[in-house]
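As structure tokens, the structure follows; a few thoughts come after it.
In our numbering, the protein residues as written are 7 to 341.
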């Protein structure tokens with residue numbers, strides 16, 4: 007996805023409420039590894055453990071100094087690595103975090119798409135309405151002109167008997183010098199064009215109304231706290247419910263249905279099919295960091311150092327106590 011799209015959705019990836027909804031939807035709210043991620047989830051944690059992968063790394067830039075085109079701003083994926091006391095636990099944490107990132111980006115992209123399309127359909131409705139008003143005004147003017155020309159042609163029948171080829175003009179207002187019959191032909195042709203345009207606009211209005219009715223319903227659902235998978239399921243269910251009473255053999259209706267299906271198919275392909283674990287999550291075969299012998303030696307050394315520090319501290323405290331004690335004088339009394 008585009009880096010700008012990811013940056014717009016990044017805040018949702020560190021939102022604990024979003025993560026809790028994901029855990030509840032997948033019955034993981036009591037899972038030990040899921041609880042750990044819930045407690046640790048933050049922007050710093052995500053940057054450290056889920057690093058973004060771009061088309062070019064820092065090492066690649068050494069060979070691309072001479073390029074003149076800007077770098078590709080696409081985000082290719084994430085490299086996720088997490089630690090735990092047990093290998094299976096580390097593997098489970100990687101899978102949970104990866105699935106959460108995929109689900110959240112699906113939810114954010116679908117929500118943005120639905121709202122954009124609902125807004126575009128509403129704007130298109132107003133545009134078509136204005137265009138219909140203009141075309142109907144043009145039709146009214148053309149019909150009035152046709153009526154007037156018919157009266158002129160009936161009033162001056164001799165004017166229509168001249169050679170039309172001798173009356174043509176390239177001037178902008180040359181139509182007034184044409185015979186009434188010739189002008190009638192031009193006006194009738196213009197009326198036919200206007201009626202065809204009105205028919206097209208009315209067809210667009212009907213399609214847009216059907217599309218807006220669907221996206222307005224889905225937009226209302228998108229404002230509810232849902233996971234990406236649940237939102238996509240609601241999208242598909244609403245599509246089925248909206249078109250179950252429509253005649254899909256009608257080209258006008260089927261075109262809208264296909265357009266909505268393309269949106270759903272694009273989301274499924276992007277986040278449910280193409281988005282996947284390319285490698286892993288693998289089961290660790292060894293501990294990270296120093297081995298057990300090194301840890302044992304370090305533990306003995308640190309233990310010895312700590313013991314020396316404690317002994318020195320106690321000795322210093324004892325000397326300080328003796329120095330601050332009151333002096334005792336022996337007094338001899340002669341009897």
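All C-beta atoms in this analysis are idealised placements derived from N, C-alpha and C, irrespective of residue type, glycine included.
Legend entry - Own chain partners of residue 21 with C-beta closer than 8 angstroms, once the 5 adjacent residues on each side are dropped: If you number the chain shown from 1, residue 21 lands on position 15. So the list is empty, once near-sequence residues are dropped.
Inset, instruction - List the endpoints of the continuous beta strand (DSSP E) containing residue 234. - result: As a first step, residue 234 must be located in the chain shown, where it is residue number 228. Residue 234 -> not in any beta strand (DSSP E); alpha helix (DSSP H) instead, spanning 234 to 249.
Inset, instruction - Consult DSSP for residue 80 and reduce its assignment to one of helix, strand or coil. - result: Reading the chain shown from its first residue, position 74 is the one you call residue 80. Residue 80: strand per DSSP, three-state reduction.
Legend entry - residue 284 to residue 215 span [Cα, whole Å]: For the purposes of this step, residue 284 is identified with residue 278 of the chain shown, where counting begins at 1. For the purposes of this step, residue 215 is identified with residue 209 of the chain shown, where counting begins at 1. Approximately 42 angstroms, taken between the alpha carbons.
Inset, instruction - Helix, strand or coil for residue 97, going by three-state DSSP, please let me know. - result: The residue you call residue 97 lines up with position 91 of the chain shown. Residue 97 falls in the helix class under three-state DSSP.
Inset, instruction - Compare the Cα-Cα distances from residue 29 to each of 44, 137, 115 and report the closest residue. - result: Within the chain shown, residue 29 is the residue found at index 23, counting from 1. Nearest C-alpha to residue 29: 44.
Inset, instruction - Using DSSP bridges, identify the partner residues of residue 8. - result: Taking the chain shown and counting its residues from 1, the one referred to as residue 8 is at position 2. Looking at the DSSP assignment, residue 8 forms a beta bridge with 80.
Legend entry - Closest Cα partner of residue 269 within the set 199, 188, 118: Within the chain shown, residue 269 is the residue found at index 263, counting from 1. With distances taken between Cα atoms, residue 269 lies closest to 118.
Legend entry - Straight-line gap, residue 15 to residue 241 (C-alpha atoms, nearest Å): As a position in the chain shown, residue 15 is number 9, starting the count at 1. As a position in the chain shown, residue 241 is number 235, starting the count at 1. Whole-angstrom Cα-Cα distance: 20 angstroms.
Inset, instruction - Please state if the CB of residue 281 and the CB of residue 31 are separated by a distance shorter than 8 angstroms. - result: For the purposes of this step, residue 31 is identified with residue 25 of the chain shown, where counting begins at 1. For the purposes of this step, residue 281 is identified with residue 275 of the chain shown, where counting begins at 1. The answer is no: Cβ separation not under 8 angstroms.
Inset, instruction - With a cut-off of 8 angstroms on the beta carbons, I'd call residue 186 and residue 162 a contact; round off their distance for me. - result: Here the question's residue 186 lines up with position 180 in the chain shown. Here the question's residue 162 lines up with position 156 in the chain shown. At roughly 7 angstroms, the Cβ-Cβ gap stays under 8 angstroms, so residue 186 and residue 162 are in contact.
Legend entry - With 16 other Cβ atoms within 10 Å as the buried cut-off, status of residue 136: Position 130 of the chain shown holds residue 136. The residue in question, residue 136, is exposed, as its Cβ has fewer than 16 Cβ neighbours within 10 Å.
Inset, instruction - Report the partner residues of residue 57 according to the DSSP bridge assignment. - result: Your numbering for residue 57 matches position 51 in the chain shown. Answer is 85, bridged to residue 57.
Legend entry - Residues of its chain near residue 149, where Cβ-Cβ distance is below 8 angstroms and the 5 sequence neighbours each way are ignored: As a working note, residue 149 is residue 143 in the chain shown. These residues qualify, in order along the chain: 197.
Inset, instruction - Taking only the alpha-carbon atoms, compute the straight-line gap between residue 52 and residue 140 and give it to the nearest angstrom. - result: Counting from 1 along the chain shown, the entry for residue 52 is found at position 46. Counting from 1 along the chain shown, the entry for residue 140 is found at position 134. Straight-line Cα distance between these residues: approximately 55 angstroms.
Legend entry - Which of helix, strand or coil DSSP assigns to residue 50: For the purposes of this step, residue 50 is taken as residue 44 along the chain shown, with counting starting at 1. Residue 50 falls in the helix class under three-state DSSP.
Legend entry - Cβ pair residue 107, residue 56 closer than 8 angstroms: Counting from one through the chain shown, the residue named residue 107 turns up at place 101. Counting from one through the chain shown, the residue named residue 56 turns up at place 50. Against a cut-off of 8 angstroms, the Cβ pair of residue 56 and residue 107 comes out as a contact.
Legend entry - Among 199, 287, 226, 220, nearest to residue 97 - alpha-carbon criterion: As a working mapping, residue 97 is identified with position 91 in the chain shown. Closest by alpha carbon: 287.
Inset, instruction - Could you tell me the distance, in whole angstroms, from the CA atom of residue 85 to the CA atom of residue 204? - result: Here residue 85 is taken as the residue at index 79 of the chain shown, counted from 1. Here residue 204 is taken as the residue at index 198 of the chain shown, counted from 1. One C-alpha to the other measures close to 55 angstroms.
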